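For my numbering, count along the sequence shown from 1 and bump the result up by 400.
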Amino acid sequence: MSPSIKDNFGSEYYNSLPLFGDCLGELLAFFGVKRAYGVGGDFVANLINSLEGHLDVLPSSNEMHAGFSACAQAELNPLGLCLTTYTVGSLPCATAAALARTEGLPVVFISGAPGEAEVNSHALHHSVHPHTAWHTDLDAALNSFRALGVRAERLQGQRHSGQPNIAAEQCLELLSYAYLNRQPVFIEIPRDLINQPTQSLSLPQCPEQIAMNQPLSLSGAELIAKDIESKLKQANKPLVFLGEKLRLNSPLLAKIISFCHQHHLPYATSWFGKGMLDESETLCLGSYNGAFSELEGKHYIESQADYILELGTAIFPSDTNNAFSSQTHAIDTHGHKTMLRGTARWERDIEAVIDLLLQKLPIGEAIENTQEKGREEEHKEKVSSPLESVTLGYHNLADTINQAQRQLTNPYIFVPEVGSSLFASFELETQASDIGRSYLANPWYAAMGTALPYARAIADQLADANSLQPILVMIGDGGFNFQANELINLQKQAANVTILYMRNNIFHLGKAGDAPIYSCNDQGFDPRLLIQAYGGQGHLCETTEQLTHCLIETAHKGGLHLIEVPTSVEAGHQSETTKKLNTYIGFRNGDPQATQKWNELCGTN
Ligand SMILES: Cc1ncc(C[n+]2csc(CCOP(=O)(O)OP(=O)(O)O)c2C)c(N)n1
401 MSPSIKDNFG SEYYNSLPLF GDCLGELLAF FGVKRAYGVG GDFVANLINS LEGHLDVLPS
461 SNEMHAGFSA CAQAELNPLG LCLTTYTVGS LPCATAAALA RTEGLPVVFI SGAPGEAEVN
521 SHALHHSVHP HTAWHTDLDA ALNSFRALGV RAERLQGQRH SGQPNIAAEQ CLELLSYAYL
581 NRQPVFIEIP RDLINQPTQS LSLPQCPEQI AMNQPLSLSG AELIAKDIES KLKQANKPLV
641 FLGEKLRLNS PLLAKIISFC HQHHLPYATS WFGKGMLDES ETLCLGSYNG AFSELEGKHY
701 IESQADYILE LGTAIFPSDT NNAFSSQTHA IDTHGHKTML RGTARWERDI EAVIDLLLQK
761 LPIGEAIENT QEKGREEEHK EKVSSPLESV TLGYHNLADT INQAQRQLTN PYIFVPEVGS
821 SLFASFELET QASDIGRSYL ANPWYAAMGT ALPYARAIAD QLADANSLQP ILVMIGDGGF
881 NFQANELINL QKQAANVTIL YMRNNIFHLG KAGDAPIYSC NDQGFDPRLL IQAYGGQGHL
941 CETTEQLTHC LIETAHKGGL HLIEVPTSVE AGHQSETTKK LNTYIGFRNG DPQATQKWNE
1001 LCGTN
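Listed below in structure tokens is the structure:
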């Protein structure tokens, strides 16, 4: 007869074993997970009951939204968590998993699964194969996630009567993988594992220790730091350019910014890094993207900077973030710079160099810089000059919002939706944030449909931090219809969200003809009435002045608001970025007018 665990290791060890469900709750809490977003179902019911004692298990309006909310959660925390049932629940998360993989977000997708004891006895509900077939395929979801390049595993139950299962350790390995590599993982958990004993784990004190335990296997930091030190000392107009990799490494970002302040080094970021910096800081020059950006510090970046220290940028340039390969990106083409992109996990290689620089360059050793003073004056001016009231559109949206924001007690967290709104949002001034980020989008993957699920996770994070910062969602009417069912959760949360509903009645961005596929809205649809059904208030704004007042009023009142903005599709009413992009596309297509305009824009006429 096979021995039991008790026979094999003794009753004291046996009695010390946790049940897997509890162990998973503790593991998630160890990684700082306070909430799960998901939809329930039969195969995940045991898991929900176990996790409830450890974290908030929250409802989403569907699984794709749960996945998107978990993506936003992973932008702000060590891990995001999405919880679903087997296949019918997990497969709709594939698009969120692809987003997480592309944006480098550590999202844990957990799915319930048939119990090990149930498998092979009969055809199972929800499994992806015809119910009349001989062959049963139980791995459809695992294989789908794997096809996206996501690490995907089903947890293993007990394999010998004398040995507890390895599910907890397997889970720790997967969560650590997600955390260390900033990548999503998919975990299927057979429902009969939840109440089984599992090996007890010995955890480090905090997740950061897991990262710190990874040795930095690169040498040469000393040599690189020495080289940077001498270049910085020789520079008259230095610039530190902070890449989007630092977005998910807030301790390192904070260290670099304090280094910049110690030595009065102006700094800027890319479009993909937008929201990680307080752009109202005097040394911050904003988020730069060549000819496509309009920012105060542009002259310094393009015409004055004589040495650039580029930290944490992507190895492979991506079109959107690198001025659409227009060769107008002064950082990309600068002749005198050091690129330290961060190839080691958690950018330990950048950190090693920064630590050495902090030691080498004594505090207060200022590098000549006249930039800061000038910017202080500009900041003062900005507050006191109200905009003239004109018809509202994408062309003056960012300016109007910036103007309103300067009059708010708490600055916005911006959530621009993909579409014309995203392109209008790069000129927004992002300020300091209680949750570390003041702008959240998925600009590289650029999936429409994420703004409200993101707003939802951001609202939870703000509530957790007792923050009164308002959220501003900017969204086209097409984008809104992708996700309006998520409003129910914003209502339940009593979230402080204002939705800027940009109404042009079509899917405008990227529209290439008049096929009915582009008509996303009905003239008779009344979004202001809809928001009332969700306990919110609707507003209509047609001029810049109306919007300024309305934004100030909604932020002051709090709660859920929708501001409808009738938006023209005329070229002159598009944002500067969209106009420039259209000009650039025309130039690439050989259009003479566009070519002349593009050359004017680049100053090459
Ligand atoms: C999931 C998804 N489907 C399609 C697209 C392609 N796409 C990008 S912008 C856009 C149109 C956006 O229209 P709308 O939300 O109405 O905003 P507008 O540009 O008209 O202001 C589409 C279909 C996408 N990025 N993501």
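Note that beta-carbon positions come from the ideal geometry of N, C-alpha and C, so glycine has one too.
Since we're looking at a predicted model, the values are computed, not measured.
Asked: Of the residues Q583, V433, K633, the one placed nearest Y707, counting alpha carbons only; Found: K633
Asked: Whole runs of the alpha helix (DSSP H) within the segment 788-854, excluding any shorter than 4 residues; Found: 794-805, 820-825
Asked: Beta-carbon proximity list for Q937, same chain, < 6 Å, skipping 5 on both sides; Found: H961
Asked: Inter-residue spacing [alpha-carbon to alpha-carbon] between G959 and T978; Found: 31 Å
Asked: Distance cut-off 7 Å: L792 Cβ against heavy atoms of ligand 1; Found: no
Asked: Length at least 3, wholly inside the segment 903-975: the beta strand (DSSP E) runs in chain order; Found: 937-940, 960-966
Asked: Close Cβ partners of E622 (< 7 Å) along its chain, the five nearest in sequence each way excluded; Found: L756
Asked: Reduced DSSP category for R546 - H, G, I as helix; E, B as strand; rest coil; Found: helix
Asked: Burial state of P403 (16 or more Cβ within 10 Å); Found: exposed
Asked: Alpha-carbon to alpha-carbon, S680 and K780; Found: Note that K780 scores 44 on pLDDT, short of 50, meaning its location in the model is unreliable; the coordinates nonetheless yield the value given after this. Spanning the two alpha carbons is a distance of roughly 11 Å.
Asked: The segment 821-829 contacting the segment 852-870, beta-carbon criterion three pairs below 8 Å; Found: no
Asked: Spatial distance of G849 from G410 (CA atoms); Found: 54 Å
Asked: Ranges of the beta strand (DSSP E) found wholly within the segment 571-615, counting only runs of at least 3; Found: 585-590
Asked: Rounded straight-line distance, which links the Cα of I871 to that of A798; Found: 15 Å
Asked: Nearest residue (CA-CA) to F907, options N921, V897, F443; Found: N921
Asked: Cα-Cα separation, C423 to Q556; Found: 15 Å
Asked: Beta-carbon gap between I899 and V873 smaller than 8 Å; Found: yes
Asked: Where S784 falls, given that 16 or more other Cβ within 10 Å makes a residue buried; Found: With a pLDDT of 48 at S784, under the threshold of 50, the modelled position of this residue cannot be trusted, and the question is left open.
Asked: Whether R551 touches P590 by CB criterion (8 Å); Found: no
Asked: Collapsed DSSP secondary structure at D537 in the structure displayed; Found: coil
Asked: Own chain partners of H531 with C-beta closer than 8 Å, once the 5 adjacent residues on each side are dropped; Found: A523
Asked: DSSP bridge partner residues for Q563 (one or two, in chain order); Found: H560
Asked: Touching by the beta-carbon criterion (3+ pairs, under 8 Å), the segment 571-587 and the segment 501-516; Found: yes
Asked: At least three beta-carbon pairs within less than 8 Å, the segment 829-847 to the segment 804-818; Found: yes
Asked: Whether T495 touches A847 by CB criterion (8 Å); Found: yes
Asked: For Q996, three-class secondary structure by DSSP; Found: helix
Asked: Beta carbon of G742 nearer than 8 Å to that of L648; Found: no
Asked: Three-state secondary structure assigned by DSSP to I731; Found: helix
Asked: Cα-Cα separation between N462 and G438, rounded to whole angstroms; Found: 7 Å
Asked: Residue environment, K406, which counts as buried when at least 16 other CB atoms sit within 10 Å; Found: exposed
Asked: Alpha-carbon spacing of E631 relative to S576, whole angstroms; Found: Note on residue identity: the sequence assigns Lys, not Glu, to residue 631. Each residue's Cα considered, the two are about 38 Å apart.
Asked: Between the CA atoms of I931 and L940 - distance to the nearest angstrom; Found: 12 Å
Asked: Opposing strand residues paired with D456 [DSSP bridges]; Found: R435
Asked: Any non-hydrogen atom of ligand 1 within 7 Å of I715 CB; Found: no
Asked: Collapsed DSSP secondary structure at L757 in the structure displayed; Found: helix
Asked: Exposure label - I963; buried when at least 16 CB within 10 Å; Found: buried
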